[in-house]
Structures are given as C-alpha cells and as structure tokens.
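K.L.:
Handing you a structure now.
Number of protein chains: 2
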Amino acid sequence: MDFQRRLLRLLRDEGPLSRADLGNRLNLPRTRVIAELERLVASDLVREAGPSASRGGRRSTLVELHPGIRFAGVDLGATSIDIEITDGRLGPIAAYSEPADIRSGPQAVLSRVDAILAKLRAEGAYRRLNGIGIGVPGPVSFRDGVPVSPPIMPGWDRYPVRRLLAHEHHCPVVVDNDVNVMAVGERHGGVARSAESMLFVKIGSGVGCGILLGGELYRGSDGCAGDIGHIQVQPHDPVCTCGSIGCLEALFSGIALEREATAAARSGASAALARRLTLYGSVSAKDVAECAAEGDATSLRLIREGGRRLGGVLAGLVSFINPSMIVIGGGLTGLGSVLLAEIRSVVYRRSLPLATGNLPVVLSELGTRAGVAGASFLASDLAFAEAS
Amino acid sequence: MDFQRRLLRLLRDEGPLSRADLGNRLNLPRTRVIAELERLVASDLVREAGPSASRGGRRSTLVELHPGIRFAGVDLGATSIDIEITDGRLGPIAAYSEPADIRSGPQAVLSRVDAILAKLRAEGAYRRLNGIGIGVPGPVSFRDGVPVSPPIMPGWDRYPVRRLLAHEHHCPVVVDNDVNVMAVGERHGGVARSAESMLFVKIGSGVGCGILLGGELYRGSDGCAGDIGHIQVQPHDPVCTCGSIGCLEALFSGIALEREATAAARSGASAALARRLTLYGSVSAKDVAECAAEGDATSLRLIREGGRRLGGVLAGLVSFINPSMIVIGGGLTGLGSVLLAEIRSVVYRRSLPLATGNLPVVLSELGTRAGVAGASFLASDLAFAEAS
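Residue numbers (the working numbering), protein chains in the order written: chain F, 1 to 388; chain V, 1001 to 1388.
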C-alpha cells in the first residue's frame, strides 16, 4: 500500500506531526505507524524531532522529514535556466538563474544544468538530491520523460532528458511541460492553494494553459491538454507559426504584442512607443506595459484588445469546464491590472452566471518562481512515491 | 471499505464469476470473499449460480447478481418521458415512452413518471426497485438532487426531485442533467465503451456536452460543466435566448435549424423545403435531413454550416482538453454523415495533430436509448455504493 507516500506527503505539507496524529490521519494502528516510521528513518527520509507539546496526557513523539532531504526544481525557458534547491518541505535553500538559449540544443543546455547543480552543491546547498523536477517549454511525453516534437526546441525531440538526469544525479527525475509545472507551483505554494479545479494561463512568447482538476494535473489523452494558444479566435488573418489562421497566440502573446507595438511605433500611432523604438532599437511587451502606465492610448488599446481576445477564449473554457479559479501567469503579467480587468470583464459577461458566481480571476502570486516551485513539488511527489 | 461495491460492480459489468475469480480480482482472501458474499446474499443482491465449468481442478461456485434486482432509468426531455426497467446487469426488461411537456411543471410530470412506473410494475416488470436514475433537461445540483434555475423548466427550480422519488419508491435515487446521463449511457453501453476521456455532444433543441474524464463524469466546480451551447462563435448577431450575442446554439441547434429552414422555404431559396412548409405548415430539422438526402442544395448548406460552427467550437475544446473520443448524439444525429463529415473536417484541420491523431469522432450508438441507459447505470452505481 502507499501509506509511506501518504505519510511523507503529510509531513511535507503540514510539518512535524506526532505519531498519534499520523495514526489518526492515516487511519493506522499505533504499532503499524511505528513500523512504517522505522523503515523511513532507516532510509534517512524521516527523523524524530523530540516530544510534542503536552496536552495533559502522555506526550507523543514528534516526527518530521529528515532535514537533509533536497529536491531540485529546474525551469527551462526559451531564453533562461532557473534552478532552485529546496528542503523536504519545499522551502527554498538556494537558487540560481542564467540566460540560455533553448535552441542551442539539449547537450548544451543540460550541461549548463549539470554545471549549475554542481556549483550549488559545492556551495553547500545539498549533498545529494532526493529528486529532480524539470519543466521544458514544449510538449512532453510524461510517461517517457522526453519532449515530443517541441516547436521551439530544435534537437530536443524525444531526447532522453529524464534518463540522462537520473543517471547523472542518481535520483528520480520528473519531466513535464513548463505550463503544467507552473500550474502545480501556483496550486501548492501560490495563490491557488485551496483551488480544486484551476486553469493556469501562461502568457509569454506564446500562450498555454495548465489544467488542474480535483487538485491534480490533467494532461489529456495524449499529454497535450492545455494547448489553447492555437484556438481560433477569428476566421481570417493572421497566419500563425503553426500554419493555421487566426490563432489566439498569433493575435495576443509576447511575440504578437511586440509586432503590433513595433508597427504602432513605426506608423506614428504612438509617440511614446516611437521614442522607445528610436532609443532601444526595438520595443517589447515591457515597453508596452510601461507606456500604458504612463497613459499612452495606443499601448492601453493593445493590452485591452489582447485581454478581450484571451478573455473570449477563457469565457468559452469556463462554460465548458466550470473551474473554481483562473490564474494568469507568465512574462506578460507585467501588463497587470489593465489586462486583468479586461479578461475579467469578458469572462464575467460571456460565461454562465452559475459558473462565474464564485470564480476568482487573479494574477500569479509566485511570478517567475512558479516554475521551479512546481518542479520541486513534482520531484517530491515522485520521490515519496518511489520510497514506498 | 468498498469491497461490496466493487464486487457488485464486477458482477454487473462482467456477469457471473467464480468465488476464486472474485477473490483474485478484488485481491481478497477466500474467507473474506465468502463473508462478503454471505452479507450480499442475505440482502438479496447476490446469489449462487451453481458450479463453474471445470478447469481440471476443484470446481469453484459461480456467483451472480440476484435476478430480481431492478433499476429504473428515467429520461425527461423537453417534450417526452422515456422510462426503462433493467435487471442488475442493466439488460432491458421493459420500456415505455409518452409525450409530455416539461413546462407543465414538476407535479404534473412526476405524477406521470409515477403512473408509468406503476403500470410497468402491474405488468410484472418489477416487484420493487433497487434504484432510480433520472435525467432532466437543465442544470442540476447533483449533491442536492434538485434542478437549479433550469431555463426551459418553469416551476422546477430546486424542486426536491430526488427526495420525493426516493420517498415514493423506497429506493436510492440519483438526479442528473440529461446530457451527463446520455454520456454515461454511451460510455457503458454504447460506442464509447473503451474511452477514458470522452466528450458527448448532444444536439437537440439546444446544444450541450457531457464530459467524461478518467472514465468518470466531470461535473465542474458548480456542477455546470459542459454548457457549450453558449460559447460565442461570432461577435455580431444573432441575440440568443440567454441574452448574449452569437452563441453556438443560436446559430446551430434544432431550433436554429428550424428557423433557418423556414426562412429558406419562405424566401424560395429551397423549393424542396417550400413544398414541405406548404404541406405540413412548418419545417423541422427532420425535413432538412430528408431534403438533404434528396440532394436539396440549401438543406445541405444549412447542415454543413452548422457542422462547421460546431466543429470550430469542438476543435478548440480538443486543443484544450485532449479527449480520446467525441460522440455526437441527440435528436439532430438524423443529419447524419454530412454533419459528421463537416465536424470531422474542421476538428482534424484546426486542432493540434498530436491531439487528433487517434481521435474518433462518431455518432451515438444508443440514439434515443442513451438517456435511459445512462440513468440506469447511475442508479446501479448509487445502489451498489449504498449497499456497502
């Protein structure tokens, strides 16, 4: 049975517990709890933390996760590597980020991951890892632990990421899509802590969605659920990178916003954007956000139009799946309250009242940490399952 | 524990099994199987069916569901009541249908349900019912067993359907939305038998969707998942009955098709539809199907346009939830292969190749029986759970 996994998860999520509490929570007799704990103490996963506070009767011994447990959360972005080392309760121990081009291929990128982990180890962040979680910016076969035909990751198709990392670091490894990993991070350490069913919408270079149903990631029949960036929002232009016409992310995403902002700067529609184009040679989503904050009408319009398009897609998905929360994350959350207001307005207006009556639509709380936090969480789940 | 429920479900889904097989399947020791069976025999749910076929060794006693077990599946439509009595294995024993107007209110409709059940009992279809499942054409609070603000069911809002039926018939009762019930029917007795994740799209007066994930109904956070009829498919006209603009079912549904066919008959765009309008005083979706089969270009165009609109919505949902099967059911399946071809064409063209590579899009196999079959299935699940 999976009593050990459940016991380890309880100690991860709730902190030190007495033997008596563990027995009650797992519905196990005292003798069985002691036997299970002995095995976990022997494998350096659990230790006794002294007596619990007295409640009048006999004191019960407190049990906690071993303080030497370490997980690594790795978040590979299109242009960055973020790594965080956590303890057994997923508290951050150390972190490191550096720019990296995912297109330089798996050998180059994964050798940087190994180098960063070696550096963190040398600095004392860990002695050995109990598990690694890694998110990659493309579709993943979760079962096989490999990317599958990832559009922006040349050279990574079916590259054995899980097997190589597990071999190198002698621990269980879980590989998942970056948006799924961020959704898990937000569910367990961020704004969606109580959400049973949650859509995590990442707006970055593209647009994707992580789906949590019943508190668990829903990956779909072929592992590609959440691919909302290519839902058609208008029947005519523009042609998307995927070859279809009128896809959401061809109309609203980091790349689309840069394209439209550049056009507005060149045409003279926005003096503020034109100044930045002259100054920096290009304009980014961040420039649009800053110009909007300064009151630039064109920048505000671009953000509102984007929010309206994304809101329209989300309204349909709310009617369809009736989630209990929507979290907006990814690099474009800097567009902030204007974007959020527009998305909310469309979702609340277009979806069934029953489905939106208690539906918070909020910004990610973890921000850029969502990826590494979710990756560590998935690593701990896997490590605890394999310990059983 | 729920060994009894699992045992009863095994006998329902697989038929008579030997004690030895049951022990293996439930991972229970022989003595425990015998003890569980004794309790179920005492409650008239299970009986011994004689020795199993010899396989060389000692013969094991076959066990089967009691032949007196009866479930009632009730399908309330906008204009009809369909009831089927089944045995424990959900095989049909008797059935009865009659026209009824759901708008005549719960007292009138439920007294007809009671009268039909009494008639079937008098004819010997059952002596007592072990469970009743009932599907209603509107949103339902599954937990409370009541309709909730159902748009086409005046007088039914929060009417205690489950409590009254349970009181009248002295058995457990389950109430659910008609589309959910049909989805369950198709999953367990129809074309979707092996599907793990399935969308059941009902096209009738309106359009709705039943969602099965991991083999189980997904009802959503507020129980209203699957409300795809009000997803916006175009930003301008027409105004929908819900007050929004450009909803799917305002553009394609039984009611929309009748409206457009009538207009085509009146304008002279279709001579075939005009003849039927003159002959019958109105034209229905069935007339459109028949005229299309005779080669009427306008009727074919109406069906294709409808399939294209529905296909566009389904393409987005496929990208989002990555199901393993789509089943098209409801009254408009008479539109047949033309409709199906158009839906398939849009879904296969618009969704991610990974999500459509193994995605069958098929017509319902049970047709009008899907509702009563699903209702009986839900009734048996509940009855077996309550027996444990």
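In this text, a Cβ means the ideal position worked out from N, Cα and C, and glycines have one as well.
Since this is a predicted model, take the numbers as computed values, not measurements.
Just list the alpha helix (DSSP H) runs in the region 81–158 of chain F, keeping only unbroken ones of 4 residues or longer that don't cross its boundaries, in chain order.
P.N.:
Listed in chain order, the complete alpha helix (DSSP H) runs (minimum 4 residues) inside the region 81–158 of chain F are 106–122.
K.L.:
Over the uninterrupted beta strand (DSSP E) stretch that includes V:F1200, give me the two end residues.
P.N.:
M1198 to I1203 is the extent of the beta strand (DSSP E) around V:F1200.
K.L.:
Using only the alpha-carbon positions, how far apart do V:A1195 and V:Y1218 sit?
P.N.:
Distance between the alpha carbons of V:A1195 and V:Y1218: 14 Å.
K.L.:
Determine whether the Cβ of F:N322 lies closer than 8 Å to any Cβ atom of chain V.
P.N.:
Yes, contact with chain V.
K.L.:
List, in chain order, every chain F residue whose beta-carbon is nearer than 7 Å to that of V:R1350.
P.N.:
Those within 7 Å of V:R1350 in chain F are Q232 and S244.
K.L.:
Answer yes or no: does any C-beta atom of chain V fall closer than 8 Å to that of F:E196?
P.N.:
With 8 Å as the cut-off, F:E196 counts as an interface residue toward chain V.
K.L.:
Using the beta-carbon of each residue, which ones in chain F are nearer than 8 Å to V:D1002?
P.N.:
Residues of chain F passing the Cβ test: none, with the nearest at roughly 14 Å.
K.L.:
Would you report the Cα separation of V:I1083 and V:G1357, rounded to the nearest angstrom?
P.N.:
Spanning the two alpha carbons is a distance of roughly 38 Å.
K.L.:
Ignore the nearest five residues each way along the sequence and tell me which others in V:A1094's own chain have a CB closer than 6 Å to its CB.
P.N.:
Cβ neighbours of V:A1094 beyond the five flanking positions: I1085, L1120 and A1125.
K.L.:
For the structure I just gave you, are there three or more beta carbon pairs, one from the region 168–186 of chain F and one from the region 197–208 of chain F, closer than 8 Å?
P.N.:
Contact holds: three or more Cβ-Cβ distances are below 8 Å.
K.L.:
What's the gap between the Cα of V:G1135 and the Cα of V:V1161?
P.N.:
Spanning the two alpha carbons is a distance of roughly 11 Å.
K.L.:
Using three-state DSSP, classify V:P1386 as helix, strand or coil.
P.N.:
A small fix is needed here, since residue 1386 of chain V is Glu in this sequence, not Pro. In the structure shown, V:E1386 sits in a helix (DSSP, three-state: H, G or I).
K.L.:
DSSP has F:I34 in a bridge; who is on the other side?
P.N.:
Per DSSP, none; premise fails for F:I34.
K.L.:
Any beta carbon of chain V sitting closer than 8 Å to that of F:A387?
P.N.:
Cβ-Cβ to chain V under 8 Å: no for F:A387.
K.L.:
Closer than 8 Å, CB to CB, is F:L317 near chain V or not?
P.N.:
Yes, because at least one Cβ of chain V sits closer than 8 Å to the Cβ of F:L317.
K.L.:
With DSSP run on the structure shown, which of helix, strand or coil describes V:A1195?
P.N.:
The answer is coil: DSSP assigns V:A1195 none of H, G, I, E or B.
K.L.:
Round the Cβ separation of F:I321 and V:A1355 to the nearest angstrom and send it over; I've been treating them as touching at under 8 Å.
P.N.:
Rounded, the Cβ-Cβ distance is 16 Å, inconsistent with contact.
K.L.:
Assuming contact is defined by CB atoms lying nearer than 8 Å, are V:A1112 and V:A1100 in contact in what I supplied?
P.N.:
Per the sequence shown, residue 1112 of chain V should be read as Arg rather than Ala. Contact: yes.
K.L.:
Measuring CB atoms only, is the region 183–195 of chain F touching the region 321–337 of chain F, in the sense that at least three cross pairs come out at less than 8 Å?
P.N.:
These segments touch.
K.L.:
Run through the DSSP bridge pairs and tell me what F:D75 is partnered with.
P.N.:
In DSSP, F:D75 forms a bridge with F:D82 and F:G135.
K.L.:
What's the C-alpha gap between F:T61 and F:A315?
P.N.:
Roughly 51 Å separates the two Cα atoms.
K.L.:
Can the beta-carbon of V:R1070 be found closer than 8 Å to that of V:D1087?
P.N.:
Going by C-beta atoms, V:R1070 is nearer than 8 Å to V:D1087.
K.L.:
Can a CB atom of chain V be found closer than 8 Å to the CB of F:D227?
P.N.:
For F:D227, the answer is yes, since a Cβ of chain V falls inside 8 Å of its Cβ.
K.L.:
May I have a chain-ordered list of the alpha helix (DSSP H) segments no shorter than 4 residues that lie completely inside the region 255–322 of chain F?
P.N.:
Entirely contained in the region 255–322 of chain F, the alpha helix (DSSP H) runs reaching 4 residues are, in chain order, 271–280, 285–293 and 297–321.
K.L.:
In terms of alpha-carbon separation, which member of F:C171, F:A192, F:R276 and F:A264 lies closest to F:M325?
P.N.:
Among F:C171, F:A192, F:R276 and F:A264, the Cα nearest to that of F:M325 belongs to F:A192.
K.L.:
Between which residues of its own chain and F:R12 is the CB-CB distance below 8 Å, once the five residues before and five after are set aside?
P.N.:
L65, G88, R89, L90, S380 and F384, listed in sequence order.
K.L.:
With 8 Å as the threshold, decide whether the Cβ of V:D1287 is near any Cβ in chain F.
P.N.:
Cβ-Cβ to chain F under 8 Å: no for V:D1287.
K.L.:
Is V:A1293 closer than 8 Å to V:G1254 when the C-beta atoms are compared?
P.N.:
For V:G1254 and V:A1293, no; Cβs fall outside 8 Å.
K.L.:
Tell me whether F:I69 sits in a helix, a strand or coil according to DSSP, three-state version.
P.N.:
Coil at F:I69, not helix or strand.
K.L.:
Taking DSSP as the reference, what is the three-state secondary structure of F:L45?
P.N.:
Reduced to three states, the DSSP call for F:L45 is coil.
K.L.:
One question on the structure: do V:K1223 and V:P1172 come within less than 8 Å of each other, judged by their Cβ atoms?
P.N.:
The displayed chain sequence assigns Gly, not Lys, to residue 1223 of chain V. No.
K.L.:
When burial is assigned at 16 or more other CB atoms within 10 Å of the CB, is F:Y159 buried or exposed?
P.N.:
It counts as buried.
K.L.:
Using DSSP with H/G/I as helix, E/B as strand and the rest coil, what is V:A1373?
P.N.:
Helix, per DSSP.
K.L.:
When burial is assigned at 16 or more other CB atoms within 10 Å of the CB, is F:A264 buried or exposed?
P.N.:
That one is buried.
K.L.:
Which residue wins for smallest C-alpha separation from F:E305, given the options F:A272, F:L277, F:S345 and F:R266?
P.N.:
That would be F:S345, whose Cα lies nearest to the Cα of F:E305.
K.L.:
Three-state secondary structure (DSSP) at V:E1028?
P.N.:
According to the sequence provided, residue 1028 of chain V is Leu. The question's Glu does not apply to it. Coil at V:L1028, not helix or strand.
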